[in-house]
Amino acid sequence: MSDAPSHPVTLCGQLPPGSLETLLARWGLELVEVGGEADIPGSYWGAPEAGLVGRRVFIRRDTPVHSALHEACHALCMDEARRSVLDTDAGGDDLEECGVCLLQIVLADHLAGVGTARLCRDMDAWGYSFRLGS
Numbered sequence: 001m002s003d004a005p006s007h008p009v010t011l012c013g014q015l016p017p018g019s020l021e022t023l024l025a026r027w028g029l030e031l032v033e034v035g036g037e038a039d040i041p042g043s044y045w046g047a048p049e050a051g052l053v054g055r056r057v058f059i060r061r062d063t064p065v066h067s068a069l070h071e072a073c074h075a076l077c078m079d080e081a082r083r084s085v086l087d088t089d090a091g092g093d094d095l096e097e098c099g100v101c102l103l104q105i106v107l108a109d110h111l112a113g114v115g116t117a118r119l120c121r122d123m124d125a126w127g128y129s130f131r132l133g134s
């Protein structure tokens with residue numbers, strides 16, 4: 001992951017209020033927003049990257065949407081036994097990582113102002129090019 005993307009990426013604070021929370025709730029996940037410059041619980045990479053603990057996805061307003069979706073998709077791609085002890089490191093293998101990346105792209109179409117094309121650009125700018133083949 002690069003320290004700074006080559007172009008601005010879509011941030012959670014730019015989404016219509018409640019849109020990400022509503023999307024994740026469809027799949028039984030809870031979105032938890034932490035304020036200001038606070039540490040993000042369960043963040044593997046550290047703030048502003050999203051965090052994951054069980055079925056809770058933690059974000060700040062400056063968390064990239066692709067990061068929030070990525071962590072959410074990890075939770076969705078694992079069984080309940082693994083999810084019940086999930087804290088910070090989603091683990092998984094290369095096949096799961098591929099599935100997570102594809103699912104986050106699909107789910108982006110359910111967020112106004114994001115969509116698959118924008119999410120792929122954001123992912124590419126952030127260093128997911130090894131997954132996107134770009």
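One point on numbering: in my numbering, the residue at position 71 of the sequence shown is 71, and numbering is uninterrupted. Glycine is no exception: its CB is placed at the ideal position from the N, C-alpha and C atoms.
Which partner residues of GLY87 appear in the DSSP bridge assignment? Looking at the sequence itself, residue 87 is Asp, so the reference to Gly does not match. Per DSSP, VAL53.
Reduced DSSP secondary structure (H/G/I, E/B, other) of GLU33: strand
How long is the line joining the alpha carbons of LEU20 and PRO8, rounded to whole angstroms? 19 Å
Inter-stretch contact at 8 Å, needing at least 3 Cβ pairs: the region 17-34 / the region 111-129: yes
If you follow the alpha helix (DSSP H) that THR116 is in, where does it begin and where does it stop? 115-126
GLY36 versus ARG56, GLY91, CYS12, GLY54, residue with shortest Cα-Cα distance: CYS12
Let me know if SER2 comes out buried or exposed under the rule of 16 or more other beta-carbons within 10 Å of its beta-carbon. With a pLDDT of 43 at SER2, under the threshold of 50, the predicted position of this residue should be treated as unreliable, and no value is reported.
So for LEU102, helix, strand or coil by DSSP? helix
Whole angstroms are fine: how far does the CA of GLY127 sit from the CA of ALA108? 18 Å
Which residues in the same chain have their Cβ closer than 7 Å to the Cβ of TYR44, if we skip the five residues on either side of it in sequence? THR88, ASP89
Residues near CYS73 by beta carbon distance below 6 Å, same chain, minus five either side: VAL100, LEU103, GLN104
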